[in-house]
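Note that the numbering used here gives residue 851 to position 34 of the sequence shown, counting from 1, and the numbers run on in steps of one. These notes are about the structure you will find just below.
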Amino acid sequence: DPTRRAILGRLTRGETSVTELAEPFAMSLPAVSKHLKVLERARLIERGRNAQWRPCRLRADPLKEASSCIDRYCRLREQSFLRLDQHLADAE
Numbered sequence: 818d819p820t821r822r823a824i825l826g827r828l829t830r831g832e833t834s835v836t837e838l839a840e841p842f843a844m845s846l847p848a849v850s851k852h853l854k855v856l857e858r859a860r861l862i863e864r865g866r867n868a869q870w871r872p873c874r875l876r877a878d879p880l881k882e883a884s885s886c887i888d889r890y891c892r893l894r895e896q897s898f899l900r901l902d903q904h905l906a907d908a909e
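Next comes the structure, spelled out in structure tokens:
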């Protein structure tokens, strides 16, 4: 979802409030909160409790894990293409 990706992008700069996260979006605070709940359930962010302020922060480990998995898949796919290239070259 583009909104959730944008929220994650903003959180790469550090923790912030829901109000600050909502500023660039043309949506209500409850709508932004729904996006945050989805990200929180996916364990991509966490929300703290500091009196009246509930800071949101990025959880980088799950993203690093996903990136590592995707990198492995890309390497395997590249190796498959190299084997196919070699097979086609041998067939000529």
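Glycine included, every Cβ here is placed at the ideal spot set by N, Cα and C.
Original post:
What three-state label does DSSP hand R876 in the structure shown?
Top reply: Counting from one through the sequence shown, the residue named residue 876 turns up at place 59. Coil.
Original post:
Does the beta-carbon distance from R860 to R871 come in below 7 Å?
Top reply: Position 43 of the sequence shown holds residue 860. Position 54 of the sequence shown holds residue 871. By the CB criterion at 7 Å, R860 and R871 fall outside the cutoff.
**OP:** Evaluate the contact criterion for the segment 871-883 versus the segment 822-829: three or more CB pairs, one atom per stretch, below 8 Å.
**Re:** Because the criterion of three Cβ pairs below 8 Å is met, the segment 871-883 and the segment 822-829 touch.
Original post:
By the 10 Å Cβ neighbour count, where 16 or more other Cβ atoms means buried, how is A906 classified, buried or exposed?
Top reply: As a working mapping, residue 906 is identified with position 89 in the sequence shown. Exposed, since its Cβ has fewer than 16 Cβ neighbours within 10 Å.
Subject >> Local Cβ density within 10 Å of C886, reported as buried at 16 or more and exposed below that >> reply: Taking the sequence shown and counting its residues from 1, one reaches residue 886 at position 69. Burial call: exposed.
**OP:** Give me whichever residues DSSP pairs with R864 in a beta bridge.
**Re:** Here residue 864 is taken as the residue at index 47 of the sequence shown, counted from 1. R864 pairs with C873.
Original post:
Under the three-state reduction of DSSP, which class applies to T833: helix, strand or coil?
Top reply: As a working mapping, residue 833 is identified with position 16 in the sequence shown. In the three-state DSSP reduction, T833 falls in the strand class (E or B).
Subject >> Length of the line joining the Cα atoms of S834 and K854 >> reply: Translated into positions along the sequence shown, residue 834 becomes position 17. Translated into positions along the sequence shown, residue 854 becomes position 37. Going by the C-alpha atoms only, they are around 14 Å apart.
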